[in-house]
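Colleague: Chains as they are written, first to last, in our numbering: chain A, 906 to 1190; chain B, 43 to 195; chain C, 107 to 766; chain D, -12 to 317. This is the structure, below, for whatever I ask next.
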Amino acid sequence: MSDIQEAMRSRAKELLESGEVNAVIGWEAGRFENQTTPLITSQAAKTQRLVFNEYCVNNLGKYPRDLTAKGKVAIFARGCESRAIIRLLSDEVIKRENVYIIGIGCPGMRDRTTGELLKKCAECRHGDPVIYDEMLGEPQAKPATQERFAEIQKIEALPRAEREAYFTNAFSKCIRCYACRNVCPCCTCRQCFVDQRREGWLGKQNNIAENRFYGLTRVMHVGDRCIECGECERVCPMDLPLMSLNRKVIYDINNLFGEYETALSLDEPPSALTTYKVDDVEEFM
Amino acid sequence: MSMVETTPGAWEPKIVAFCCHWCTYTGADLAGLNRMNYPANVRVLRIPCSGRMNPQYALDALNKGCDGVLVCGCHPGDCHYSTGNYFARRRMLVFKRLLEYQGLEPERFQVRWISGAEAGKFRDTVTEVVEQVRALGPLHLNHELVLSGMEVE
Amino acid sequence: MSRIGVFICYCGSNIAGTVDVEKVAEVARTLPNVVHAETNKYTCSDPGQAGVKAAIEKYNIDRVVMGTCSPRMHELTWRKLLADTPVNPYMLEVANLREQCSWVHKDKEVGTAKAIDLIKMAVAKVDKLSPLKSTQIPVTKRALVVGGGIAGMQAALDIADAGYQVTVVERETSLGGKMVMLDKTFPTMDCSACICTPKMSEVGSHPNITVKSYAEVESVEGYVGNFDVTIREKAKYIDYNLCTGCGACTTKCPTKVINNFEQGMSARPAIYKMFAQAVPAKPVIDAEHCRKIQENKCGACAKICPTGAIHYDDEDKVTTERYGAIVLTTGYQLIDWKPLYPEYGGGKYPDVITGLQFERLVNASGPTEGHILRPSDGKEPKNVVIIKCVGSRDPHKGVAYCSRACCMYGAKHAHQFLDKVPDGRCFVFYMDVRTPGKGYDEFYMNTLQDGAQYLRGRVSKIYKEGDRLVCLGEDTLTSAQIRIEADMVVLETAMVPAEGVDKLGSMLGVTRDKDLWLTEAHAKLRPVETNTAGVFLAGVAQGPKDIPDTVCQAGAAASKVIGLLNHDHLESNPQISRVNEALCQGDGACVNICPYHAITLVQKQFRENSQKITRTVASVNPGLCQGCGACTVTCRAGAMDLLGYTNESLMREVDALCQW
Amino acid sequence: MIIKKDRMGALLGTLAQHKTVFVPALIDGVSKFAPYREGLDVRFDLHNTKLPPKDLLFPQTQKMYRYGETAEGGHYVEQFDESSERVLFGVRPCDMRSINLLDDVFLTKGFVDEFYEAQRKKLLTVCITCAAPAETCFCESMGLSPNEAPDADILLKSCEDCYKVTAQTQKGEAALADWRDFLEDTQAQVLPGKTSLRLNFEGVPQKLSRMYEDPIWDEISTKCLNCGTCTFVCPTCYCFDISQENKMKEGVRFRCWDSCMFSEYTAMAGWHNPRPTKKERVRNRFMHKLCFFEERYGKTLCVGCGRCVECCPVALDITRLIDDIGASDA
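Right, here's the structure in full:
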């Protein structure tokens, strides 16, 4: 990993100095032990701050969207970053020619306090970048240690009342900070429905009903395009089981309309919910 | 509210039916023409096509006091706009599963294809849904009412 | 603040019987922004309508709730009524108090309570509606017919006879399509050419019809009343203004090319007319095979042409013209059976021919001048096997559907063969015999009388033995294994859509079914319309059918076109989707979901944070959008909204039901 | 006076008979102040609760008025008063200080917020000093001490197996009457706490006031997600939005927490937004915390609790900002 870190620093420096890119997106060390924080810089000198270790927990993949005014940017991309970039590209948020993707294989990231593999990384099926312009080091081919839909099946198996209690409890904890939305590479609306006062989709009160409205609608809005990076769940300050909602939609699409996993290549078909088959599953006769 | 007025004291289920203009709404009209009878608990909300059915309307209805939601459209293949109900079918399949997964009783959110000729099916569906929801009792999604300052039950 | 007027109808006792109309009006008066509520015995009657108008004026009402019968009954009546008042006709919501309330409930209290709820919902919704204006779409009074077969010709003639200009685009060098290749038509056995060629000349000489032969539609833009169609006419190398059609050129051409019109059973020169009675009755040069054009040698035709009409440097002509309506009559082709049926030789036996080849063989102007002579050695076949459903009704090999005309066409071939070869024997392998048509079954019976032997079953193998073709099969009625030594085998192959129709359909927003037949707007009630307003269908392009049905459908399509062109302007439906460009992020999800291809992405300039920027946003073509609203749900940001059924108005309707 | 740690449960049980006693508790993985009840996972050992106690005085959603049309066609407006006698038990010095700051906002400068005031008057505060601050704690750098809480009604100083109890106000003195059975008149050694994280806050507000146009805001805002986590976990963020929900001709006006991180916060009718990008929002938050509030109230709005440092999804760390500015020569 230290080799990769060195390579990152020198490549970032080269790219900035040559003027090939106008900014670089990576990680730097935080104040505390085993803490990292995103580093987004246009200064070649600052590239020496770049780090790569087992605590680079942030998915950087949404940042190119904020940097469109900068022109071309370089980003260090593991599986999750690369899929986020594909998401942004297929949603026409950014342009391919404006992002230079430097791939890095990912061994999985760890919690800075417990040292344990992050849940999102245990569930990750694509640690290595699925798209890149160049690759630093070797792919890691880290297998997922958690069955993709195990959590969903576990919850589904619960009696209805228990499921209701489980999610009601979860929604009751939500503080509506919208970290899940803002970190999500699928959430790219210019104005989120929650902020649309005229339509009044939901009110501003924090209560279970409104939080449920927000939670379920968010799933309907992103579920079919979710790249399963698990960032929403990681950033949630209230530890809501957000991926168990997102993945439920993926699980159903998978079962209903065929094997489904988005953002694995640039020429992916349209989302399962914006297309149809005449002989789709019929339950509403 | 008005339901309570007619049968004081007794709870009556309140159900909103989102019906496409071209098929189900026509079928519901035909039920009227044929002087069929069905429970008055359903209020039909007309939309042009089941493809117009935004899941957010259903969430709003369930949040604010409906005990059940019914979504109806043309049979697949018969959509006036040719493909609207195909998209609706996919969306509703996923949405219904999501609602049930997070704890809603399946009976409270239902989808049916009812053609303009199927007055009987409209009557039967409405009757069935009302009875199923009646058996479940009131839906209290709103553990603290949206406006708990008013009408605290 | 809106000023809502609520009008509740007794409908005699129809509504008042189970709804306390006065009480409903009383409650209506208490609803937010309702400035007036009144009841009427019969709101739709003249005095009733006059009352509504008077109230609108008196109370300065700006939007209206009609608590009446179903909107399917009188929504238009109310719109018309409002058009005569200061209230915008779309500031209207109908509460269905009859069909969905008074008629289905018996208890008056229950009915009244429900009626009150319905009025509340309508009041809440109408409060959030905004005035809509339909725009006038001008209608270009000219029609385009794509395809010059019998369907296209019939449609063109009907439209032209009604006084409108028609352009017919035909891909081949002549009008006539498949029908003109046929020898006779069942069940009357009219000579096909005798009834088809007069139509061709009528089209060719009609003052209102322009024929663009050897031409294809390249692109289409616009919408009903205003389609801008770009047509590419391939270079013909002959100036039709000078050419007299004398045909001298065709006699001098030294090149021989396979004659597709004769189904490959004869040859034609490189400068040629498709067939004798072709319309336009002038030749074209097949550039691919012309020695002058390819190698700059020869030039015989130009030398002999008395009018100097031949120009080897001719180029494709691309023109764009505006049409008000389009009829698609692109017809069919026969399925390519060769790769599908290796057991029938897969094309290696020349005497295994298709029905269309048989038509040419039996035709007096065909390659054999009407003598049935087999292609391999020119001998008259004595034993002929006809196999039906080759490729049809067989999803594993070909297509799942029935090609509809082949039963009759097979019977006709049997009849013609037995007629021309009196000592011949004819065996027809069939799955079913389907003869639903006037005089059809009688024709089939006559064929049986003629001596045709019908065998229920499929031929499993054809192989050559000497100069004969051995056909193995089973008669499934007797379970007998059949072995027939045939001199010639005729395959009645399946019809499939003409090549290129997929592209044409997508250009026009006309959907194709799984077999690529163009899809009508409604299988029963709108059989010649398509989902794109102003685009119609006729003939086999929509699905296999025979000539009478094709002609019927062409007439129907023509009448629809005439009805459309009869208007100077069309009123656009104002209840269509609208883009809120501030919200639109231009990801195009709506573009894919729109069944009418009404949404495109456009680059637009905006001022944001005091900066000029260019962004991609969706744009709805009001001529194409039909107002289904599918796009609105796909749009997560809610940038797409459906006028008349806006998110805001529907949400308030739900809220009113729940909370009022 | 001391109270033995093992007597705390009994004390809470007694106090809770008359008032709602909010104690730090771990509920479903989230630590926050919750009404004491039998079986609650009360945790006085946590450094800081994840959610601050401001919700007690300034709820995330607070109903203010109900209004409507009377049958006679007139109007009525009624004010809500949902305040009740409450004890905030086990609050830490930093959070105690945050209440002092909220008091400034809601009760001074010529405007008294009635809703806040009503609850504030009915609140008794019991503070526990921090013997072992967390690695993210930096209250000492912000002018506080983990061992003092001058504003608390009652102060509990952490000792090995007990707390040293002092009433610091009359209200506290009076309240101790209920504690009598649990107190012992013995001496105990107070364990002094010390924050390991030290910042140089000296001169930062003054420097910041000259740094409105500094490029630093571009730099640090780029990685911000503009979520509201920092503002919602912050004990001193007090922004709210007022809106209403109407049912027919009645309605309720309420306020709820808002966040200056949200673009909607400053959005005006017609889409104009004076803080259009992350840069302006991030700048405003830090400026408000470290400079503007100081200019208005003479106090810093950051109490060094470290919650935002802990919770920020992208580790945008206010302590690093303070250090960077302190080190800069603006």
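C-beta atoms are modelled at their ideal positions from N, C-alpha and C, and glycine is treated no differently. The structure presented is a predicted model; accordingly, all values stated were derived computationally and were not measured.
One question on the structure: do Glu1028(A) and Ala1049(A) come within less than 8 angstroms of each other, judged by their Cβ atoms?
Modeller: Note that the C-beta distance between Glu1028(A) and Ala1049(A) is below 8 angstroms.
Colleague: Do the region 254 to 272 of chain D and the region 235 to 244 of chain D meet, that is, are 3 or more Cβ pairs less than 8 angstroms apart?
Modeller: Contact annotation: the region 254 to 272 of chain D does not touch the region 235 to 244 of chain D, with fewer than three C-beta pairs closer than 8 angstroms.
Colleague: Name, please, each residue of chain A whose Cβ falls closer than 7 angstroms to the Cβ of Trp53(B).
Modeller: Correct list: empty, because the minimum Cβ distance to chain A is about 19 angstroms.
Colleague: Report the three-state DSSP secondary structure of Thr182(D) (helix, strand or coil).
Modeller: coil
Colleague: Between which two residues does the beta strand (DSSP E) holding Gly77(D) run?
Modeller: 73 to 78
Colleague: Report buried or exposed for Glu1039(A), applying the criterion of at least 16 other Cβ atoms within 10 angstroms of its Cβ.
Modeller: That one is exposed.
Colleague: Under the rule that 16 or more other beta-carbon atoms within 10 Å means buried, what is Ala134(C), buried or exposed?
Modeller: buried
Colleague: Do the region 1072 to 1090 of chain A and the region 1117 to 1131 of chain A meet, that is, are 3 or more Cβ pairs less than 8 angstroms apart?
Modeller: yes
Colleague: Below 7 angstroms CB to CB, which residues in the same chain sit around Asn469(C) once its five sequence neighbours on both sides are set aside?
Modeller: Asp289, Gly476
Colleague: Report the rounded CA-to-CA distance for Gly179(B) versus Val168(B), giving the unit in angstroms.
Modeller: 16 angstroms
Colleague: If we cut at 8 angstroms on Cβ distances, does Thr1073(A) have a partner in chain B?
Modeller: yes
Colleague: Taking all protein chains shown into account, do 16 or more other C-beta atoms lie within 10 angstroms of the C-beta of Cys300(C), making it buried, or fewer, making it exposed?
Modeller: It is exposed - the Cβ of Cys300(C) has fewer than 16 other Cβ atoms within 10 Å.
Colleague: Does the beta-carbon of Glu47(B) have 16 or more other beta-carbons within 10 angstroms, so that it is buried, or is it exposed?
Modeller: Per-residue confidence for Glu47(B) stands at a pLDDT of 39, beneath the threshold of 50, marking its modelled position as unreliable; the derived number appears in the next sentence. Exposed.
Colleague: For Gln765(C), decide whether its Cβ has a neighbour in chain B, counting only Cβ atoms nearer than 8 angstroms.
Modeller: Yes, Gln765(C) counts as interfacial toward chain B.
Colleague: Please tell me whether Cys885(A) and Gln691(C) are closer than 8 angstroms, where the distance is taken between their beta carbons.
Modeller: Residue 885(A) lies beyond the range of chain A shown here (906 to 1190); nothing can be said about it.
Colleague: Output yes if chain A places a C-beta closer than 8 angstroms to the C-beta of Gly145(B); else output no.
Modeller: yes
Colleague: With a threshold of 8 angstroms between beta carbons, is Ala59(B) in contact with chain A?
Modeller: no
Colleague: Hey, quick one: how far does the beta strand (DSSP E) through Phe249(D) stretch, first residue to last?
Modeller: That residue, Phe249(D), is in no beta strand (DSSP E); it is neither H nor E in DSSP.
Colleague: So, does the CB of Ala1177(A) fall closer than 8 angstroms to a CB anywhere in chain B?
Modeller: Yes - at least one Cβ of chain B is within 8 angstroms of the one on Ala1177(A).
Colleague: Could you name each continuous beta strand (DSSP E) segment of 3 residues or more that falls completely within the region 118 to 179 of chain D, going from the start of the chain to the end?
Modeller: 141 to 145, 149 to 154
Colleague: Short of 9 angstroms Cβ to Cβ, which residues in the region 105 to 122 of chain D face chain C?
Modeller: none
Colleague: Leaving out the 5 sequence neighbours to the left and right, which residues in its chain are closer than 6 angstroms to Ala639(C) when beta-carbon positions are compared?
Modeller: If we look at Ala639(C) and ignore the five residues flanking it on each side, its Cβ neighbours are Val330.
Colleague: Report the neighbours of Ser124(B) on chain C: residues whose CB is nearer than 8 angstroms to its CB, in chain order.
Modeller: Thr617, Thr625, Ala627, Asn637, Pro701, listed in chain order.
Colleague: Can you give the Cα-Cα distance for Val1154(A) and Val136(B), rounded to whole angstroms?
Modeller: 6 angstroms
Colleague: Please report the straight-line C-alpha distance between Cys185(D) and Glu282(D), rounded to a whole angstrom.
Modeller: Here residue 185(D) is Arg; the residue named in the question, Cys, does not match the sequence. C-alpha separation (whole angstroms): 24 angstroms.
Colleague: Check each candidate in Asp908(A), Val926(A), Ser995(A), Leu944(A) and name the one with the smallest Cα separation from Val301(D).
Modeller: Among Asp908(A), Val926(A), Ser995(A), Leu944(A), the Cα nearest to that of Val301(D) is on Leu944(A).
Colleague: List the residues of chain C whose Cβ lies closer than 7 angstroms to the Cβ of Gly1105(A), in chain order.
Modeller: The contacting residues are Met757.
Colleague: Nearest by alpha-carbon distance to Gly461(C): which of Arg480(C), Pro412(C), Tyr515(C), Thr426(C) is it?
Modeller: Tyr515(C)
Colleague: Might you give, ordered along the chain, the residues of its own chain that have their beta carbon closer than 6 angstroms to the beta carbon of Glu199(C), omitting 5 neighbours on each side?
Modeller: Val171, Ala228, Lys231, Val232
Colleague: Does DSSP classify Cys91(B) as helix, strand or coil?
Modeller: Three-state result, Cys91(B): coil.
Colleague: Can you tell me the Cα-Cα spacing of Glu181(C) and Thr174(C), whole angstroms?
Modeller: 10 angstroms
Colleague: Going by the beta-carbon positions, is the gap between Ala45(D) and Tyr103(D) smaller than 8 angstroms?
Modeller: Here residue 45(D) is Phe; the residue named in the question, Ala, does not match the sequence. Result yes, Cβ atoms of Phe45(D) and Tyr103(D) sit closer than 8 angstroms.
Colleague: I need the boundaries of the alpha helix (DSSP H) containing Gln555(C), first residue and last residue.
Modeller: 546 to 556
Colleague: Count the other C-beta atoms from every protein chain shown that fall within 10 angstroms of the C-beta of Asp538(C), then say buried if there are 16 or more, exposed otherwise.
Modeller: Counting the other Cβ atoms within 10 Å of the Cβ of Asp538(C) gives fewer than 16, which makes it exposed.
Colleague: Let me check understanding here. Comparing Cα to Cα, which of Tyr284(D), Pro263(D), Lys37(D), Gly159(D) lies closest to Ser716(C)?
Modeller: Pro263(D)
Colleague: Quick one: what's His142(C) bridged to in DSSP?
Modeller: Gly111(C)
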